[in-house]
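Visitor: Here it is, the structure, as structure tokens.
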Amino acid sequence: NLYQEKRRPQFHFTSRRGWMNDTNGMVYHDGKYHLFYQHNPYGWKWGNMTWGHAVSTDLLHWDEWGDAIHPDQMGTIFSGSAVVDHNNTSGFQTGSGEPLVAFYTSAGNNGQWSRGEPFTQSAAYSYDGGRSFTKYEGNPIIGEIAGGTRDPKVFWHDPTNKWVMVLWIKEDIFSLFTSDDLKNWQRRSDIPGFFECPEMFELPVDGDPARSKWVVYGASGDYKLGDFNGTEFAAETEKIKYEYGNCFYASQTFNNVPKSDGRRIQMGWGRGIKMTDMPFNQMILFPVRLTLHSTDDGVRMFANPVREIANLHNQHWRSSEKLVRPGENPLSDISGELFHIKAVIEPRGADKIEFIIRDTAVSYDSSAQQLSCNGKSAPADLENGKLTLELLVDRMSIEIFAQNGRIYMPMGVDLTGGPKSLGFSSEGGNAFIESLDVYSLNSIWL
Ligand code: FRU
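So full-length UniProt numbering is basically just the index in the sequence shown, starting at one, shifted up by 288.
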């Protein structure tokens, strides 16, 4: 039974077969979220890089449509992005449908047909909603710059009426390019401080569009905030740490999400989540909504699981206004594999409070005000004496969100060997549960 293998994540996207890494070409088009991804169709390890393709109408259920962009004599197909060319600025449109235009790196010298070819940037377009792409006959759109230059992220910039590309050039340099037609690109300026997989977008601060900031980040997700005038990014901060887990890498956000929705939605690669003995390898993290908020430390980017997760809720257990004494486990009745847990807890007299997810602990040390899981830790200061925690539990991961998304800690962890039980405990004193909601989740594959 497809998607029912032992280690198959049950509410995260994985490819049916083969290796996968970065998310690519993330774009909303015609009622569907399109997720392309780095795919090796022919092996369990990295190689033969091709763009795989899956679509979803609800950010939960994914339908794998088959590989969309295949290696050629210019190289294998490395990471990149996609846009909808509403006004046919590219001239790629022939019929009535708006073309989807993809930008990727032709990884010359990688693959048997491209020996001796350089790394360049290419474009391809689709009229059938991304099922098939035609490579632009004028490729490459950007020739060789440095040895491994890659990962073009393209987006529309309304105030200047231009397309913008952020590209990783080499070492710690991103460059900004602009274009009127998606084919001819002018290099405008550099942004120092980032490695691989550029991403860049504008977000309101505290929901106020009049106080918006631009966010720039690379593969690690660590970001700078600043201003962007269409050709230059003026950083206003140092690099700020984004996530504290063991697996987040090479993410993107969706282009072209309708204004009526307005969310900035990110999906990253859960790097290193090894699918032992499975016909597939690696997974994609659950989509998160990114927002900017003022904090004591300045403006920070928060990540929260998209609200659609509620559509997978099945059984619900709730406790509230409850004192937990050492030795008690208020979750002892619950068992299962897939959970969404939301908790607001006052550690009070407890030195440590802990969720035990099957055989893995997610702990909070009250004196250090620190959250930890499997050797990773994150600072999480209590707010009015409270810890707010949200956990997404699948077979191969626990995604931890603390203090309303200020702390994001996605953890790859193979839970399949453990018991199907849950625990909550308080050590060294009593903790107070203000509210604790546990939802079991339905599988997206059933
Ligand atoms: C990041 C990365 C990208 C590259 C891709 C190749 O994980 O190295 O820079 O385009 O993977 O698969």
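Note that beta-carbon positions come from the ideal geometry of N, C-alpha and C, so glycine has one too.
Along the beta strand (DSSP E) that carries Phe483, what are the first and last residues, could you check?
Guide: Mapped onto the sequence shown, residue 483 falls at position 195. Note, Phe483: premise wrong, no beta strand (DSSP E); not H, not E.
Visitor: What is the DSSP secondary structure of Arg499, counted as helix, strand or coil?
Guide: As a first step, residue 499 is located in the sequence shown; it is residue number 211 there, counting from the start. Three-state DSSP puts Arg499 in a strand.
Visitor: Would you say the beta carbon of Phe391 is closer than 7 Å to some non-hydrogen atom of the ligand FRU?
Guide: Counting from one through the sequence shown, the residue named residue 391 turns up at place 103. No, the Cβ of Phe391 stays beyond 7 Å of every heavy atom of the ligand FRU.
Visitor: Alpha carbon to alpha carbon, what distance is there between Glu616 and Asn718?
Guide: Mapped onto the sequence shown, residue 718 falls at position 430. Mapped onto the sequence shown, residue 616 falls at position 328. So the alpha carbons of these two residues sit roughly 10 Å apart.
Visitor: Let me know if Gly313 comes out buried or exposed under the rule of 16 or more other beta-carbons within 10 Å of its beta-carbon.
Guide: In the sequence shown, residue 313 corresponds to position 25, counting from 1. Answer is buried; the Cβ neighbour count reaches 16.
Visitor: For Glu484, is the beta carbon positioned less than 7 Å from some heavy atom of the ligand FRU?
Guide: Looking up residue 484 in the sequence shown gives position 196. Correct: Glu484 has its Cβ closer than 7 Å to the ligand FRU.
Visitor: Leaving out five residues on either side along the sequence, give the residues of the same chain with a beta carbon under 8 Å from the beta carbon of Asp515.
Guide: For the purposes of this step, residue 515 is identified with residue 227 of the sequence shown, where counting begins at 1. Contacts found: Lys501, Trp502, Phe521, Ala522 and Glu524.
Visitor: Below 8 Å on the Cβ atoms is my guess for Met589 versus Tyr530; work out the distance and round it to an integer in Å.
Guide: Residue numbering aside, residue 589 sits at position 301 when the sequence shown is read from its first letter. Residue numbering aside, residue 530 sits at position 242 when the sequence shown is read from its first letter. That belief holds up - the Cβ atoms of Met589 and Tyr530 are roughly 7 Å apart, short of 8 Å.
Visitor: Can you give me the C-alpha to C-alpha distance between Ile695 and Thr437, rounded to a whole angstrom?
Guide: Looking up residue 695 in the sequence shown gives position 407. Looking up residue 437 in the sequence shown gives position 149. Ile695 and Thr437: Cα-Cα distance of roughly 32 Å.
Visitor: Note down the Cα distance separating Pro406 from Glu432, rounded to an integer number of angstroms.
Guide: On the sequence shown, residue 406 is found 118 positions in, with the first residue counted as 1. On the sequence shown, residue 432 is found 144 positions in, with the first residue counted as 1. Cα to Cα, Pro406 sits roughly 6 Å from Glu432.
Visitor: Extract the residue ranges of the beta strand (DSSP E) inside the region 319 to 394, only unbroken runs of 3 or more that lie entirely within it.
Guide: 320 to 328, 338 to 344 and 364 to 372, all fully within the region 319 to 394.
Visitor: Between Gln554 and the ligand FRU, is the CB less than 7 Å from at least one heavy atom?
Guide: Indexing the sequence shown from 1 puts residue 554 at position 266. It does not: the Cβ of Gln554 is nowhere closer than 7 Å to a heavy atom of the ligand FRU.
Visitor: If you check the beta carbons only, do Val545 and Tyr316 fall under 8 Å apart?
Guide: Counting from 1 along the sequence shown, the entry for residue 545 is found at position 257. Counting from 1 along the sequence shown, the entry for residue 316 is found at position 28. A contact, by the Cβ cut-off of 8 Å.
Visitor: Below 8 Å on the Cβ atoms is my contact criterion, and I expect Pro698 with Gly533 to pass it. Report the Cβ-Cβ distance as a whole number of Å.
Guide: The residue labelled residue 698 in the question sits at position 410 within the sequence shown. The residue labelled residue 533 in the question sits at position 245 within the sequence shown. Yes, Pro698 and Gly533 are in contact; Cβ-Cβ is about 4 Å, under 8 Å.
Visitor: Give the DSSP bridge partners of Leu734, in chain order.
Guide: Along the sequence shown, read from residue 1 onward, the residue named residue 734 stands at position 446. According to DSSP, Leu734 bridges with nothing at all.
Visitor: How long is the line joining the alpha carbons of Asn599 and Arg499, rounded to whole angstroms?
Guide: The residue labelled residue 599 in the question sits at position 311 within the sequence shown. The residue labelled residue 499 in the question sits at position 211 within the sequence shown. The straight-line gap from Cα to Cα measures roughly 33 Å.
Visitor: Output yes if chain D places a C-beta closer than 8 Å to the C-beta of Ile732; else output no.
Guide: The displayed structure is made up of one protein chain only, and chain D is not part of it.
Visitor: Within this structure, are the beta carbons of Ala411 and Leu464 separated by less than 8 Å?
Guide: Locating residue 411 in the sequence shown gives position 123, counting from the first residue. Locating residue 464 in the sequence shown gives position 176, counting from the first residue. For Ala411 and Leu464, no; Cβs fall outside 8 Å.
Visitor: List the DSSP bridge partners of Ser713.
Guide: Within the sequence shown, the letter at position 425 stands for residue 713. Glu642, per the DSSP bridge assignment.
Visitor: Which value, in whole angstroms, describes the spacing of the CA atoms of Tyr321 and Gln409?
Guide: Along the sequence shown, read from residue 1 onward, the residue named residue 321 stands at position 33. Along the sequence shown, read from residue 1 onward, the residue named residue 409 stands at position 121. Approximately 24 Å, taken between the alpha carbons.
Visitor: Using a Cβ-Cβ cutoff of less than 7 Å, which residues in the same chain neighbour Thr519 once the five nearest sequence positions on both sides are dropped?
Guide: One-based indexing of the sequence shown puts residue 519 at position 231. So the qualifying residues of the chain are Leu464, Thr466, Arg476 and Ser477.
Visitor: Between Asn336 and the ligand FRU, is there a pair consisting of the residue's CB and a ligand heavy atom that are separated by less than 7 Å?
Guide: On the sequence shown, residue 336 is found 48 positions in, with the first residue counted as 1. Not so, every heavy atom of the ligand FRU lies at least 7 Å from the Cβ.
Visitor: Identify every run of the beta strand (DSSP E) within the UniProt domain "Glycosyl hydrolase family 32 C-terminal" (609 to 697), keeping only runs that are complete inside it and at least 3 residues long; order them along the chain.
Guide: Complete beta strand (DSSP E) runs here, min 3: 627 to 634, 640 to 645, 648 to 653, 658 to 661, 664 to 667, 675 to 681 and 685 to 690.
Visitor: Could you check how far apart the C-beta atoms of Pro359 and Thr338 are, in whole angstroms? I think they sit under 8 Å.
Guide: Taking the first residue of the sequence shown as position 1, residue 359 is located at position 71. Taking the first residue of the sequence shown as position 1, residue 338 is located at position 50. Confirmed, about 6 Å.
Visitor: Exposed or buried, what is Asp373 when buried is set at 16 or more other beta-carbons lying within 10 Å of its beta-carbon?
Guide: Counting from 1 along the sequence shown, the entry for residue 373 is found at position 85. So Asp373 counts as buried.
Visitor: On the premise that Gly383 lies in contact with Tyr424, defined as a C-beta separation below 8 Å, what is that separation, rounded to the nearest angstrom?
Guide: Position 136 of the sequence shown, counted from the first residue, corresponds to residue 424. Position 95 of the sequence shown, counted from the first residue, corresponds to residue 383. That belief does not hold up - the Cβ atoms of Tyr424 and Gly383 are roughly 17 Å apart, past 8 Å.
Visitor: For a test of the three-state rule: what should DSSP assign to Glu596, helix, strand or coil?
Guide: Numbered from 1 along the sequence shown, position 308 holds the residue referred to as residue 596. Of the three classes helix, strand and coil, the one that applies to Glu596 here is helix, per DSSP.
Visitor: Determine the direct distance from the alpha carbon of Ala342 to that of Thr648, and round the result to whole angstroms.
Guide: Counted from its first residue, the sequence shown places residue 648 at position 360. Counted from its first residue, the sequence shown places residue 342 at position 54. Rounded to whole angstroms, Thr648 to Ala342 spans 31 Å at the Cα level.
Visitor: Does DSSP classify Tyr532 as helix, strand or coil?
Guide: As a first step, residue 532 is located in the sequence shown; it is residue number 244 there, counting from the start. Note: Tyr532 maps to coil in three-state DSSP.
Visitor: Could you name the residues of the same chain whose beta carbon sits closer than 7 Å to that of Leu729, not counting the 5 residues immediately before and after it, in chain order?
Guide: Walking along the sequence shown from the start, residue 729 turns up at place 441. Hits under 7 Å: Phe299, Leu600, His601, Asn602, Leu626, Phe627 and His628.
Visitor: If Met684 and Met571 are in contact, beta carbons under 8 Å, what's the gap, nearest whole angstrom?
Guide: The residue given as residue 684 occupies position 396 in the sequence shown. The residue given as residue 571 occupies position 283 in the sequence shown. Going by Cβ atoms, the distance from Met684 to Met571 rounds to 6 Å, so yes, they are a contact pair.
Visitor: For the beta strand (DSSP E) that Ser303 lies in, which residues bound it at each end?
Guide: Locating residue 303 in the sequence shown gives position 15, where the first residue counts as 1. Looking at the DSSP string, Ser303 is not in any beta strand (DSSP E), and its letter there is neither H nor E.
Visitor: If we ignore side chains and look at the alpha-carbon of each, how far apart do Trp401 and Asn336 end up?
Guide: Here the question's residue 401 lines up with position 113 in the sequence shown. Here the question's residue 336 lines up with position 48 in the sequence shown. Computed Cα separation, rounded: 11 Å.
Visitor: Taking just the CA atoms, how far does Leu675 sit from Leu668?
Guide: Residue mapping note: residue 668 aligns to position 380 of the sequence shown, counting from 1. Residue mapping note: residue 675 aligns to position 387 of the sequence shown, counting from 1. Residue 668 is actually Ala in this sequence, not Leu. Those two C-alpha atoms are separated by around 8 Å.
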